[in-house]
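**Q**
Numbering (the UniProt record's numbering), first residue to last: 1 to 635.
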């Protein structure tokens with residue numbers, strides 16, 4: 001098959017076209033960042049080749065000096081960013097350039113506001129490095145060949161960013177990638193060597209890979225050689241190896257943007273050099289905003305691993321636990337072998353030591369932030385709180401530290417949406433209170449207005465309102481804090497300890513005896529639906545509520561499991577009734593067994609709805625309710 005016969009013209013994935021339009025519109029005011037993004041990609045490609053060549057030197061193809069090269073042609077109006085890195089095959093190009101494979105894509109576009117400044121921040125979260133070329137170019141040509149493949153396996157990709165692209169096989173003698181930007185007529189500033197050098201110095205000085213440009217000759221006595229001479233224009237000193245006192249905040253921020261492809265400054269950073277038996281340097285960042293793929297199970301997260309300044313692997317999951325997958329940065333070890341693999345990392349004690357120390361440092365930095373800048377910590381919590389809630393189950397050794405960083409909605413202030421810490425809760429506990437009370441629900445409103453809270457609100461007892469899906473898993477591992485056990489107000493008998501006086505206990509026991517006939521009649525009607533019916537100590541305003549046994553799965557967790565296709569054990573709830581409520585009084589006095597049965601079932605269905613459940617037979621509920629309303633109206 002001839003090369004030309006393999007040419008295709010294809011349409012971009014719909015989301016890519018939207019990204020291209022958005023990039024051109026929203027980032028134009030900060031257009032020079034395109035060079036940072038393309039150099040960063042080129043550097044990554046070269047680093048990846050260096051790692052793969054550790055086990056296959058033939059990939060170097062007699063060209064072991066890895067580099068990134070920036071060239072320009074004023075006559076042609078082109079700017080080219082080249083690397084002799086790993087390169088791409090035709091399939092690689094199709095998968096990485098023609099599509100955006102992210103489960104967050106739709107959410108990304110739903111978040112678009114039309115405000116260019118805000119939208120440009122969203123682009124940074126999403127990570128669209130290659131597409132930033134279209135900020136200054138009306139056409140982009142990409143030529144690439146995967147290291148190890150023959151010359152005839154080169155690939156050329158061309159697009160004007162208008163919804164389609166062409167792709168064809170070409171002969172490419174050199175491995176790696178050339179990104180050729182055909183600049184718009186009004187972008188000639190990027191055809192000036194001085195301007196390009198300034199941008200590289202500003203954004204890419206810290207990249208360890210050499211970034212080269214053609215040497216320029218200015219003096220009268222200097223004669224330009226026939227063959228171009230190239231010189232390094234970035235210092236290439238690994239930023240993380242420099243002393244913290246020598247690094248400015250701006251340099252830290254630019255390095256973060258390089259390793260994360262984010263456009264925003266980070267929220268905070270942690271920089272440490274450790275010496276001794278296990279020598280390494282770690283430079284870690286907490287982003288200001290959550291990426292859209294944070295909840296994508298297939299998306300890899302983590303930090304970059306270097307060994308003695310040599311890049312080893314991206315997204316080394318063993319260096320940071322899953323609940324800290326938002327952390328970006330680098331770890332550079334002096335002790336690991338250069339041929340370290342993911343398999344070796346799984347059982348390496350040095351890696352475990354590095355991981356444990358870095359987790360403690362990040363948690364320590366978050367503790368300081370929470371203590372010294374509550375508003376800024378709240379910003380962190382709004383972005384990453386749900387992820388941090390995975391911590392107590394995943395990291396037993398740091399459970400106490402993580403627990404102190406958790407924040408929750410609470411009944412403490414009905415008008416204030418601000419979250420509270422467990423320490424805040426404990427400090428406000430009533431005298432004699434020995435438990436931290438909480439409720440889980442599928443929404444903030446369902447938690448805040450749950451009938452299970454009625455008696456606690458009446459007594460002025462604070463309750464934590466947990467409405468994130470992850471909260472159900474959190475409370476299975478977070479069972480106590482500061483010596484106080486956590487207690488669900490929707491499980492088992494509500495134990496208020498010293499907060500409940502003897503008169504209340506005696507009254508409940510007396511009511512259970514007085515209304516035994518009512519409870520037995522209701523049990524007879526609802527025996528297929530409930531395990532037991534009893535007098536409630538929780539309710540003051542509602543007629544009924546549903547609870548489960550202390551060690552049974554909560555109704556909310558059962559719903560969460562079912563929603564993700566998991567099986568949940570079938571357990572009958574306990575129905576509690578408020579004997580003083582007018583509807584329950586009416587029910588107790590009802591002589592008509594059919595009407596008694598209908599009203600009992602309506603109370604059960606209402607209790608299910610109140611806790612966010614779904615009715616097995618909504619139509620039957622509506623029929624019973626309508627029938628009872630008509631009877632009450634005398635019809």
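Idealized CB from N, CA, C, for every residue including glycine.
Note that the coordinates shown come from a computational prediction; the quantities given were computed from them, not determined experimentally.
For the candidate residues 489, 405, 462, whose alpha-carbon lies nearest to that of residue 441?
**A** The option with the nearest alpha carbon to residue 441 is 489.
**Q** How should residue 106 be labelled, buried or exposed, when 16 other C-beta atoms within 10 angstroms of its C-beta is the threshold for buried?
**A** Because the pLDDT of residue 106 is 49, which lies under 50, any placement of that residue in the model is unreliable, and the question is left without a value.
**Q** Thinking C-beta only, is residue 457 closer than 9 Å to residue 419?
**A** Contact flag unset, no.
**Q** Going by C-alpha distance, which of 226, 277, 78 is nearest residue 186?
**A** If we check each option's Cα against that of residue 186, 78 comes out closest.
**Q** Identify the continuous alpha helix (DSSP H) that holds residue 90 and give its terminal residues.
**A** From DSSP, the alpha helix (DSSP H) with residue 90 extends over 90–97.
**Q** For residue 473, write down the residues that DSSP places opposite it in a beta bridge.
**A** DSSP, once it has assigned bridges, lists no residue as partnering residue 473.
**Q** Do residue 252 and residue 285 come within 9 Å of each other at the CB atom, strictly closer than that value?
**A** Result yes, Cβ atoms of residue 285 and residue 252 sit closer than 9 Å.
**Q** Helix, strand or coil for residue 486? Go by DSSP, reduced to three states.
**A** DSSP places residue 486 in strand when its eight states are reduced to three.
**Q** Does residue 625 come out as helix, strand or coil in the three-state DSSP assignment?
**A** Helix.
**Q** Give the list of continuous alpha helix (DSSP H) stretches no shorter than 4 residues that lie fully inside the region 420–464.
**A** If we require 4 residues or more, the alpha helix (DSSP H) runs fully inside the region 420–464 come out as 422–428, 444–448, 454–458.
**Q** With contact counted as at least three CB pairs below 8 Å, one residue from each stretch, are the region 389–404 and the region 435–454 in contact?
**A** Because the criterion of three Cβ pairs below 8 Å is not met, the region 389–404 and the region 435–454 do not touch.
**Q** Threshold first: 3 residues or longer. Then list the beta strand (DSSP E) segments lying entirely within the region 298–331, N to C.
**A** DSSP runs (the beta strand (DSSP E)) wholly in the region 298–331: 303–307, 310–316.
**Q** Are residue 526 and residue 601 closer than 9 Å when you measure CB to CB?
**A** A contact, by the Cβ cut-off of 9 Å.
**Q** Using only CA atoms, which one of 321, 429, 623, 470 lies nearest to residue 485?
**A** Residue 485 has its Cα closest to that of 429, out of 321, 429, 623, 470.
**Q** If you count every other CB in all the chains shown that lies within 10 Å of the CB of residue 212, and 16 or more means buried, which is it?
**A** Buried, because 16 or more other Cβ atoms sit within 10 Å of the Cβ of residue 212.
**Q** From 574, 311, 240, pick the residue whose C-alpha is nearest to that of residue 54; which is it?
**A** Among 574, 311, 240, the Cα nearest to that of residue 54 belongs to 311.
**Q** Which parts of the region 367–422 are runs of the alpha helix (DSSP H), unbroken and 4 residues or longer, counting only runs that do not cross its ends?
**A** As far as the region 367–422 is concerned, its whole alpha helix (DSSP H) runs of at least 4 residues are 374–388, 391–394, 399–405.
**Q** Counting only runs of 3+ residues fully inside the region 38–84, write out the beta strand (DSSP E) ranges in chain order.
**A** With a minimum length of 3 residues, the continuous beta strand (DSSP E) runs that stay inside the region 38–84 are 68–73, 78–83.
**Q** Please report the straight-line C-alpha distance between residue 303 and residue 289, rounded to a whole angstrom.
**A** Roughly 17 Å between the two C-alpha positions.
**Q** So, are the CB atoms of residue 262 and residue 236 less than 9 Å apart?
**A** No, the Cβ-Cβ distance between residue 262 and residue 236 is not below 9 Å.
**Q** By a C-beta neighbour count over all protein chains shown, 10 Å radius and 16 as the cutoff for buried, is residue 407 buried or exposed?
**A** Its Cβ being crowded by 16 or more others within 10 Å, residue 407 is buried.
**Q** Going by Cα to Cα distance, which pick from 487, 471, 267 is closest to residue 387?
**A** Here the closest residue by C-alpha is 471.
**Q** Pull up the DSSP beta-bridge partners for residue 333, would you.
**A** In DSSP, residue 333 forms a bridge with 280, 307.
**Q** Among residues of its own chain, excluding the 5 on either side of residue 89, which ones have a beta-carbon nearer than 6 Å to its beta-carbon?
**A** Cβ neighbours of residue 89 beyond the five flanking positions: 146.
**Q** With 16 other CB atoms within 10 Å as the buried threshold, where does residue 413 fall?
**A** The residue in question, residue 413, is exposed, as its Cβ has fewer than 16 Cβ neighbours within 10 Å.
**Q** Below 9 Å between beta carbons: does that hold for residue 532 and residue 523?
**A** Against a cut-off of 9 Å, the Cβ pair of residue 523 and residue 532 comes out as a contact.
**Q** For residue 50 and residue 66, which I take to be in contact (beta-carbon distance under 8 Å), what is that distance rounded to the nearest angstrom?
**A** Contact holds; Cβ gap of about 6 Å.
**Q** Classify residue 258 as buried or exposed, calling it buried when 16 or more other Cβ atoms lie within 10 Å of its own Cβ.
**A** Answer is buried; the Cβ neighbour count reaches 16.
**Q** Could you name the residues of the same chain whose beta carbon sits closer than 8 Å to that of residue 58, not counting the 5 residues immediately before and after it, in chain order?
**A** Correct list, in chain order: 148.
**Q** Cα separation between residue 521 and residue 596?
**A** Rounded to whole angstroms, residue 521 to residue 596 spans 9 Å at the Cα level.
**Q** Would residue 548 and residue 571 be called neighbours here (beta carbons separated by less than 9 Å)?
**A** Yes, they are a contact pair.
**Q** For residue 226 and residue 295, what's the separation of their Cα atoms in angstroms?
**A** One C-alpha to the other measures close to 55 Å.
**Q** With distance defined between alpha-carbon atoms, name the residue in 453, 390, 60, 482 nearest to residue 435.
**A** Measuring from the Cα of residue 435, the nearest candidate turns out to be 482.
**Q** Throw me the rounded Cβ distance for the residue 31 and residue 135 pair, which I believe falls under 8 Å.
**A** Contact holds; Cβ gap of about 5 Å.
**Q** What distance in whole Å lies between the Cβ atoms of residue 475 and residue 361, which are believed to be in contact at a cut-off of 8 Å?
**A** In fact, because the Cβ distance is near 28 Å, the residues do not count as touching under 8 Å.
**Q** Under 9 Å between C-beta atoms, does residue 325 make it to chain C?
**A** Chain labels in this structure do not include chain C; a single protein chain is all it has.
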